[in-house]
Each structure stands twice: as C-alpha cells, then as structure tokens.
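If you're matching positions, the sequence shown starts at 1 in the numbering used here and goes up one per residue.
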Amino acid sequence: MELNKKKIRLLIVVIMLLIASVVALVAFKDFIFDPIVHPIDKVAQTVEYGIVTDSFKIDREEVRSGENLGGILTRLRVEQSIIGTLNAYTKGVFDIRKLRSGNTYTAMMSSKDNKLMYFVYTINDTSYVVFDFRDSLHVHAGSKEVDRRLKSASGIINSSLWVTMQQAGVDPNMAVALANIYQWSIDFYAIQKGDAFKVIYEELSVDGKPISIGEIHCAVFLHNGKEYYAHRFEQNNVTDYFDDQGQNLRKEFLKAPLKFSRISSKFSNSRMHPVLRIRRPHHGVDYAAPKGTPVHTIGNGKVVKAAYAGGAGRMVTVKHNNGYSTSYLHLAGFGPGIRPGSSVSQGQVVGYVGSSGLSTGPHLDFRVYKNNVAMDPLKIESPPALPVDKKYMIRYDSIRDLYQKNLRLIK
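So this is what it looks like as structure tokens:
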C-alpha cells in the first residue's frame, strides 16, 4: 500500500514536470519564432531656419550695394501688389530699410514652378527674419542656437597684445576683453615684451562657426614680473572678477581714460612746451591717439566744467569722491549729455580726442587732482570695490582653487 502511494506521488511529479516543460517550450517557441516588427526608420530631413527644405530649390546670395528688398523680391518674381504691402507685414518685426550690403539671404523656391515660397534675410550671425510667401504673406523673426564651448589660450607678448592674440590663433577681441577685466590694475599702454597671459573662456559658435567670445571664467596676466589673477564670481546677484585673495579687480578709478593708445608725455614739473617752446610744468599725462577716439571718465562723479578753456582747448572736468577731480583737455568735442551739473558713471564717454587749444596734434592731456593739488595720474592708488563677502569665501576658495589648477595645466 505504502509502495503504491510512493508510485502515485512520483507519477504526479513526473506529470507536473512534463506540463511545465511543455509550457516552457511553447513560451520559448513563441518568443523565438513570433515575427519581430521593426519600426520604419525616419527619413532624414534637412531643416534650415525651422523650415524643412528638401522639396525646395535653394538660392543663396549676398545683398548687393545699393540694393533694397523690393528690388530683390522683384527679381525673384514676387508680385508688385505683395511687395507694396511689405511695410504693413514687417512693422514691429524688421525694418526693411535696414538691409545691409554684404549680408546674405536665402530664397527657397518651389521645384515645380520656381515660385518663391520662403525668403530668409540674415541680420547677423544669430538673427534672421523669415518672409513666408506660401499663402498670404507672413513675416517672423528667428534666431539660431548659440553653442558655448570652454576653451583656453595663452601667449607671450613680443610686440602688442593684439598681434600676440592673432599669432596664437585667438580672436583678437580677447585683447579687448582682457583689457576690460584688468583696466583697473594693468596699464595696457605699458605692457612690454616678455609679459604673458593664460585665459579660460567660452567660445560662442553658430552652425559650427565661431562667432565671438563669451564669458571669461578666469585668467592670469604676467606683467612686470607680477602675476595678476582674475576669477569670475557671482555674489548677491552681481558678477565681478576677483584676485587670488578675493579682492575685487574693479576699483574706484580706471587705470587710464583711453583704450589702446600710447603715452607721448608724462607728468613733469619742467617740460619743454611743444608750442610755446619754453619750460613749464606739465601736470598731466599726454595720450597720443587718432582724432575722434572716445575719452572715458575714470570714475563716477559730476561734471563741473565742459567748455573751451584757452590753451587747454575744449575741456571737461569731473569731480569725484574723496576730494579727487579729473580733467580731460584738447578735446575735439564733448560726449552725449556732457554739460556742467550732469552726473557721469565710470567708463562713460565724456569727449573725443582732438587738438583744440595749444596743441601740435591729436592727443589727450589727462590730469588728476586731489584737494586741488596736481597728482601724477600714473601713480595714484585707487581703492578697490567690495571684495568677496565673508559668507561666500568658502565657495569662492573652492572655485578659485579649481580655476588656478586648470590655469597651471595650460602651457
């Protein structure tokens, strides 16, 4: 009896195993042999300015000298009745009078009858305007996506910073960007052979083509044997550049009132006057520059004089805080809104280089006074703006260390 029970239990186990095997085989069969349906691959499409262009005939041209939009569209066989309504359709979108020769446009025409479907005018590297002629005319503005890529550059000065940038294969506008960052601490008219720089920055590009320089993240400039660090840092929603100690590079006064010029005469108590041919004090610094070069006030203040002043020619005097005042002589003219009593901000244009008064050629005579006593503009020490706040120092230190580590990796 006991034996029969064992046989029955064994039989049940065998039957269950057989059933499980059959189920597994069926499932395996279904998994292996059921037809597999692959999704149909999407056909690649060419898209420009948000338009699928595969079905169009494309014509790319440059605006010719003296050409206007009406003339171009007439050549593309657009009806005069439509051309006459362009102003109404472009109002608030694009001023059709501002077509510039040399800028490009793209005409997209039907492959069947050569009828113009879209006309796209390129305003600049990133902006364009689309004229849609398919049904009733529709006009809209657009912009291309700007890619940002982190890059580094370095160089040793042999002649000028501008030439060094070109030789290093860097956008020469980097020279302007660095001059703006270091304008309170380095006199870029006095940089010399052997000075050097390293910089980490963003390169902006559109359609794979570099168009400009974006934010500079950090830099170090070696000048007269001293390293000047600049680290970009934001605190209290304000972004500034700070040195390795967290001191703000921005100061109360700019280092110079002109950009990219040269010093032709320094502060002196006895200088031979180039016109009068007598020795007399020259309590300023002369910057030689082309006529019309913008002259910037070195600090915030109020204009106390803007008038013709005899031998000084057209002159602007600005009163600053702490007893300082600055004067800008021999100007060709005054900046917009510059008149006695007007307030000015650091870097604002107060005038333009000229040769008015007793002068032998275009230059700026720049003077600084403290409590009405003349000072050498090249030797004044300007107090810095606010440093990194103590509550942000831990974060700043970590960012600074990372910046400097990456700067050291640049050859």
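The beta-carbon is built from N, C-alpha and C at its ideal position, and this holds for glycine as well.
Beta-carbon spacing of residue i, residue j below 8 Å
{"i": "residue 285", "j": "residue 362", "result": "no"}
{"i": "residue 413", "j": "residue 222", "result": "Examination of residue 413 is not possible in this model, given that the chain is present from 1 through 411 alone."}
{"i": "residue 257", "j": "residue 304", "result": "no"}
{"i": "residue 59", "j": "residue 46", "result": "no"}
{"i": "residue 235", "j": "residue 392", "result": "yes"}
{"i": "residue 200", "j": "residue 407", "result": "yes"}
{"i": "residue 141", "j": "residue 248", "result": "no"}
{"i": "residue 293", "j": "residue 318", "result": "no"}
{"i": "residue 87", "j": "residue 96", "result": "yes"}
{"i": "residue 366", "j": "residue 308", "result": "no"}
{"i": "residue 137", "j": "residue 85", "result": "yes"}
Span of the alpha helix (DSSP H), counted from its first residue to its last, around residue i
{"i": "residue 396", "result": "393-409"}
{"i": "residue 96", "result": "Taken as a continuous stretch (DSSP letters only), residue 96 belongs to no alpha helix (DSSP H), as it is neither H nor E."}
{"i": "residue 64", "result": "Unbroken run through residue 64: none, as it is neither H nor E."}
{"i": "residue 80", "result": "80-83"}
{"i": "residue 329", "result": "Note, residue 329: premise wrong, no alpha helix (DSSP H); beta strand (DSSP E) at 324-334."}
{"i": "residue 167", "result": "161-167"}
{"i": "residue 176", "result": "173-181"}
Sequence-distant residues of its chain with Cβ nearer than 6 Å to residue i (five each side left out)
{"i": "residue 396", "result": "233, 246, 388"}
{"i": "residue 404", "result": "none"}
{"i": "residue 243", "result": "229"}
{"i": "residue 106", "result": "60, 120"}
{"i": "residue 359", "result": "330"}
Own chain partners of residue i with C-beta closer than 7 Å, once the 5 adjacent residues on each side are dropped
{"i": "residue 158", "result": "164, 193"}
{"i": "residue 117", "result": "56, 108, 109, 110, 133, 134"}
{"i": "residue 49", "result": "120, 128, 130, 142"}
First through last residue of the beta strand (DSSP E) which encompasses residue i
{"i": "residue 196", "result": "196-206"}
{"i": "residue 307", "result": "301-308"}
{"i": "residue 156", "result": "147-156"}
{"i": "residue 107", "result": "104-110"}
{"i": "residue 239", "result": "238-242"}
{"i": "residue 141", "result": "138-143"}
{"i": "residue 227", "result": "226-235"}
Minimum Cβ-Cβ distance from residue i to chain B less than 8 Å
{"i": "residue 171", "result": "The structure shown has no chain B; it contains just one protein chain."}
Whole-angstrom C-beta distance between residue j and residue i, which should lie under 8 Å
{"i": "residue 210", "j": "residue 203", "result": "6 Å"}
{"i": "residue 351", "j": "residue 331", "result": "4 Å"}
{"i": "residue 412", "j": "residue 323", "result": "Beyond the ends of the chain as shown, which are 1 and 411, falls residue 412; an answer cannot be given."}
{"i": "residue 338", "j": "residue 368", "result": "Between residue 368 and residue 338 the Cβ distance is about 18 Å, and since that is not below 8 Å, they are no contact."}
Proximity winner among the options, relative to residue i (alpha-carbon distances)
{"i": "residue 214", "options": "155, 226, 235, 150", "result": "150"}
{"i": "residue 82", "options": "315, 287, 139, 216", "result": "139"}
{"i": "residue 240", "options": "206, 253, 65, 216", "result": "216"}
{"i": "residue 326", "options": "364, 172, 394, 146", "result": "364"}
{"i": "residue 184", "options": "238, 225, 250", "result": "250"}
{"i": "residue 148", "options": "398, 208, 72, 314", "result": "208"}
Cutoff 8 Å; reference residue i; Cβ partners in own chain excluding five residues on either side
{"i": "residue 122", "result": "103, 104, 105, 106, 128"}
{"i": "residue 126", "result": "143, 144, 146, 206, 211"}
{"i": "residue 37", "result": "Since pLDDT at residue 37 reaches only 40, below the 50 mark, its modelled position is unreliable, and the value read off the structure follows with that caveat. Nothing meets the Cβ criterion."}
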